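Protein chains: 2
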Amino acid sequence: MGMGRPREFDMDRALDHALEVFWRNGYEGTSIAELTQAMGINPPSLYAAFGNKEELFRKALQRYVEQHGRYWDDALAAPTARGMVEHLLREAANFLSNECNPRGCLMVRSVVSCSDAAEAIQHQLASQRSEAEARVRARLERAKDEGLMPPDLDPGDFARYVMAVMEGMAVRAAGGAGRQELEQIAEMALRMWPA
Amino acid sequence: MGMGRPREFDMDRALDHALEVFWRNGYEGTSIAELTQAMGINPPSLYAAFGNKEELFRKALQRYVEQHGRYWDDALAAPTARGMVEHLLREAANFLSNECNPRGCLMVRSVVSCSDAAEAIQHQLASQRSEAEARVRARLERAKDEGLMPPDLDPGDFARYVMAVMEGMAVRAAGGAGRQELEQIAEMALRMWPA
DNA sequence: CTATTTATGTATTGATTGCTACAGATATGG
DNA sequence: CCATATCTGTAGCAATCAATACATAAATAG
Numbered sequence: 001m002g003m004g005r006p007r008e009f010d011m012d013r014a015l016d017h018a019l020e021v022f023w024r025n026g027y028e029g030t031s032i033a034e035l036t037q038a039m040g041i042n043p044p045s046l047y048a049a050f051g052n053k054e055e056l057f058r059k060a061l062q063r064y065v066e067q068h069g070r071y072w073d074d075a076l077a078a079p080t081a082r083g084m085v086e087h088l089l090r091e092a093a094n095f096l097s098n099e100c101n102p103r104g105c106l107m108v109r110s111v112v113s114c115s116d117a118a119e120a121i122q123h124q125l126a127s128q129r130s131e132a133e134a135r136v137r138a139r140l141e142r143a144k145d146e147g148l149m150p151p152d153l154d155p156g157d158f159a160r161y162v163m164a165v166m167e168g169m170a171v172r173a174a175g176g177a178g179r180q181e182l183e184q185i186a187e188m189a190l191r192m193w194p195a
Numbered sequence: 196m197g198m199g200r201p202r203e204f205d206m207d208r209a210l211d212h213a214l215e216v217f218w219r220n221g222y223e224g225t226s227i228a229e230l231t232q233a234m235g236i237n238p239p240s241l242y243a244a245f246g247n248k249e250e251l252f253r254k255a256l257q258r259y260v261e262q263h264g265r266y267w268d269d270a271l272a273a274p275t276a277r278g279m280v281e282h283l284l285r286e287a288a289n290f291l292s293n294e295c296n297p298r299g300c301l302m303v304r305s306v307v308s309c310s311d312a313a314e315a316i317q318h319q320l321a322s323q324r325s326e327a328e329a330r331v332r333a334r335l336e337r338a339k340d341e342g343l344m345p346p347d348l349d350p351g352d353f354a355r356y357v358m359a360v361m362e363g364m365a366v367r368a369a370g371g372a373g374r375q376e377l378e379q380i381a382e383m384a385l386r387m388w389p390a
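Protein sequence lines correspond, in order, to chains F and D.
Under my numbering, read the first sequence as residues 1 to 195, first letter to last.
Under my numbering, read the second sequence as residues 196 to 390, first letter to last.
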């Protein structure tokens, strides 16, 4: 049996282009026509390779985390818990003000924007978000056990707080905030935990 | 000359229904068909009374601020600046976890969601947002002059920070966060300014 | 070679989008 | 009553939406 005609485009490259469009225009604001144009393929190729619009979006979301969420891993690898939070907030400010990227954060945008729409997308977002928060909390709990955290700071509450501040920064970035403005928010949030 | 046939529906009531739908589904996620059904009128009546979809949305946004942003005025009327911030954050938690309302904040949703779409909407959002922040900053500057603020806290930076935290809370609320979760974020943000 | 399998490009599907033409209804002014 | 002005419901506009039918092209297996 034959193996069929080989695919003529690079799936990862096409996915990157789709991600770019989704990032800029959101899930509902992006049409198949825009996607196929940006990806350089025709609708049948898109559907054969990625399923449908929702599946393509979920794959783009996954790629977004892998390609643009690396500063997260760097932060979690910081030697101290306080250094992790520092890295997280400052790199978020840096990332969100990078003018090479569309404004704002694709995940935040999707959480806020797809509420009544595709349920599977919401589930994927919720699990990615809670996993990220859990990793921060675990790191803080370790620091707490080692006595390296202010004693009146609860790791769970503080992890959630840091996430909320970052999400707020993403909203500001979507509204046009620049690097300086975002960095000031980050520095302000850091004042709660004296170095 | 005659004055014409009188309108058979209540504009404010219809606007409230439109607001409800926009709040739940966002601007792009709401169709004229959904709007006319919720408002109990037909398309020609909608267009005659409100212009078009974008104008209707902007009027709904304005009504949203008037009807659901009253806790903002209460906060600004608080006797102390610290009390204002307290009121702002706690009432935001309360408002965002009110299960009578759709999830999240319509303004935050719109900032994040309409970026490439209607430009006039973005302008309206930006001016409303910066006006709100300016009012908070002005109140803090007054407190600063009176020596009622921590000396190392800049009023402008702190006002922006409080706004960002509230916007982060709105994102969490859109993602399904409950009252307790939001209140913990609010209390955490308040710890920066010892009572 | 033929048979099979998969990808591609064209062209199109039915449904939905925001919006409106049109005719009839209901008010006021004369 | 008549003329004018505005609203209402039906019905439908062109454009766009996500998704596909179909024929052809390009690969492997035998």
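Just so it is clear, CB atoms sit at the ideal spot from N, CA and C, and this is done for glycine as well.
A quick note: this is a predicted structure, and the numbers were derived from the prediction, not measured.
Pair within 7 Å by beta-carbon distance, residue i and residue j
| i | j | result |
| --- | --- | --- |
| V171 (chain F) | R304 (chain D) | no |
| Y64 (chain F) | L96 (chain F) | no |
| M387 (chain D) | R191 (chain F) | yes |
| E133 (chain F) | M163 (chain F) | yes |
| A381 (chain D) | L284 (chain D) | yes |
| E54 (chain F) | A118 (chain F) | yes |
| T231 (chain D) | P238 (chain D) | yes |
Alpha-carbon to alpha-carbon, residue j and residue i
| i | j | result |
| --- | --- | --- |
| M206 (chain D) | A244 (chain D) | 8 Å |
| M166 (chain F) | N101 (chain F) | 17 Å |
| W267 (chain D) | A213 (chain D) | 23 Å |
| A189 (chain F) | A372 (chain D) | 21 Å |
| R334 (chain D) | N52 (chain F) | 51 Å |
| R5 (chain F) | P155 (chain F) | 54 Å |
| E341 (chain D) | A354 (chain D) | 17 Å |
| E131 (chain F) | H318 (chain D) | 36 Å |
| R374 (chain D) | Q128 (chain F) | 22 Å |
| R219 (chain D) | L210 (chain D) | 14 Å |
| C309 (chain D) | G264 (chain D) | 21 Å |
| G370 (chain D) | D347 (chain D) | 34 Å |
| Q62 (chain F) | E229 (chain D) | 32 Å |
| V280 (chain D) | M84 (chain F) | 28 Å |
| Y161 (chain F) | Y356 (chain D) | 13 Å |
| R332 (chain D) | R202 (chain D) | 44 Å |
| D352 (chain D) | D157 (chain F) | 23 Å |
Cutoff 8 Å; reference residue i; Cβ partners in own chain excluding five residues on either side
| i | result |
| --- | --- |
| N293 (chain D) | none |
| P194 (chain F) | P150 |
| E181 (chain F) | R172 |
| R208 (chain D) | none |
Assumed close pair residue i, residue j - CB separation to whole angstroms, cut-off 8 Å
| i | j | result |
| --- | --- | --- |
| I227 (chain D) | F204 (chain D) | That pair is no contact at about 16 Å. |
| F252 (chain D) | I316 (chain D) | 6 Å |
| A93 (chain F) | E183 (chain F) | 5 Å |
| A255 (chain D) | R298 (chain D) | Not confirmed; about 17 Å, so no contact. |
Close-in-space but distant-in-sequence residues of the same chain around residue i (CB under 6 Å, 5 per side omitted)
| i | result |
| --- | --- |
| A338 (chain D) | A276 and M344 |
| Y47 (chain F) | none |
| E91 (chain F) | Y71 |
| A233 (chain D) | H212 and V216 |
Cutoff 7 Å; reference residue i; Cβ partners in own chain excluding five residues on either side
| i | result |
| --- | --- |
| H87 (chain F) | D74, A75 and A78 |
| T225 (chain D) | V216 and F217 |
| L183 (chain D) | Look at the range of chain D in this structure, 196 to 390, and you will see that residue 183 (chain D) is not part of it. |
| R135 (chain F) | L76 |
| G26 (chain F) | R109 and S113 |
Q: Below 7 Å between beta carbons is the criterion; list the residues of the stretch 287 to 302 of chain D that meet it against any residue of chain F, in chain order.
A: R298 and G299
Q | Cβ-based contacts, 7 Å cut-off: residues of the stretch 342 to 353 of chain D near chain F | A | D352 and F353: these are the residues of the stretch 342 to 353 of chain D whose beta carbon lies less than 7 Å from some beta carbon of chain F, given in chain order.
Q) For the stretch 156 to 182 of chain F, which residues have a beta carbon sitting closer than 8 Å to at least one beta carbon of chain D? A) D157, F158, R160, Y161, M163, A164, V165, M166, E167, G168, M169, A170, V171, R172, A174, G175, G176 and E181
Q: With 7 Å as the C-beta to C-beta threshold (strictly closer), list the residues of the stretch 246 to 257 of chain D near chain F in chain order.
A: Cβ contacts with chain F come from no residue of the stretch 246 to 257 of chain D.
Q: Using a Cβ-Cβ cut-off of less than 8 Å, list which residues of the stretch 25 to 49 of chain F approach chain D; keep chain order.
A: Within the stretch 25 to 49 of chain F, the qualifying residues are N25, G26, E28 and G29.
**Q.** Chain-ordered residues of the stretch 253 to 285 of chain D with a beta carbon less than 8 Å from chain F
**A.** none
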